[in-house]
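For reference, the structure discussed in these notes is given below.
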Amino acid sequence: MNKQIIDGMAMKRALTRITYEIIEENKGTEGLVLVGIKTRGEFIAKRIADQMSKLENVDVPVFGIDITGYRDDLQDDANMEETKVVDELPIDLDDKRIVLIDDVFYTGRSIRAAMDALMDLGRPQSIRVAVLIDRGHREMPIRPDFVGKNVPTASEEKVQVKMNEVDSEDSVELIK
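If you number the sequence shown the way my numbering does, the last residue is 394 and the count never jumps.
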């Protein structure tokens with residue numbers, strides 16, 4: 219049974235709120251870089267960057283990273299060697315304030331893998347975490363700094379984020 223918990227307008231409002239919170243927390247956009255975890259985290263990061271451009275009249279660097287080779291649930295060393303974290307690093311990450319963006323926060327393992335990947339790319343001043351959905355169930359001492367919506371779930375439930383860029387619609391569903 220699927221239950222829609224966010225529609226297109228609610229997603230837009232949540233991303234707008236996250237955008238304002240990031241700008242406020244960072245006292246502007248100077249030195250800020252948005253990094254989205256592929257696939258949907260990258261699209262969310264681009265949407266937030268677009269909103270920042272409209273609000274602050276600046277272009278905040280944004281790019282996506284593939285964390286496949288850093289995941290602790292994939293034991294295939296060949297997979298890690300073949301995976302390219304970024305196609306091309308658009309900016310030096312040293313001393314930058316990174317906002318790492320994903321669609322759903324669950325155990326914290328994806329964020330940990332992404333932080334490991336970022337540290338291999340440079341030495342940022344700080345890394346903050348923004349997510350559209352926080353569903354709980356931490357396994358790591360990591361929590362998001364910016365959250366679109368908290369959705370308490372049971373372990374056996376799934377949260378499915380759909381985005382126009384890949385799914386032809388914006389929505390979030392809870393799958394029981």
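Ideal Cβ positions, reconstructed from N, Cα and C, are used throughout, including at glycine. These numbers were taken from a predicted model, which means no experiment stands behind them.
One alpha carbon belongs to D291, the other to A332, and they sit about 14 Å apart. Assigned with DSSP and collapsed to three states, I329 falls in helix. Every unbroken stretch of the beta strand (DSSP E) spanning 3 or more residues and falling wholly within the region 229–316 is given here in chain order: 250–255, 280–283. Around the C-beta of Q269, 16 or more other C-beta atoms lie within 10 Å, and the residue is accordingly described as buried. Here the alpha carbon of V349 sits roughly 6 Å from the alpha carbon of V322.
Taking the Cα positions, D338 is about 14 Å away from E306. Within the same chain, and ignoring the five residues on either side of Y288 in sequence, the residues whose Cβ sits closer than 6 Å to its Cβ are A331, D334, A335. Just so you know, the alpha carbons of G282 and K264 end up roughly 9 Å apart.
Beta-bridge pairing by DSSP links K394 to no other residue. By alpha-carbon distance to E375, the top candidate from E387, L392, D385 is L392.
At a Cβ-Cβ threshold of 8 Å, I319 and V276 do not count as neighbours. Annotation: the region 317–369 contains the following complete segments of the beta strand (DSSP E) (minimum length 3 residues), in chain order: 344–352, 364–368.
At least 8 Å separates the beta-carbon of I345 from that of K367.
By the criterion of a C-beta distance shorter than 8 Å, R327 is surrounded in its chain by R289, D290, D291, E357, M358, once the five residues flanking it on both sides are discounted. Taking C-beta separations shorter than 7 Å and ignoring five residues to either side along the sequence, the partners of N244 in its chain run L250, R315, following chain order. Of the residues P370, V280, T325, L233, the one whose Cα lies closest to the Cα of D310 is V280.
A straight line joining the alpha-carbon of T257 with that of I240 spans about 21 Å.
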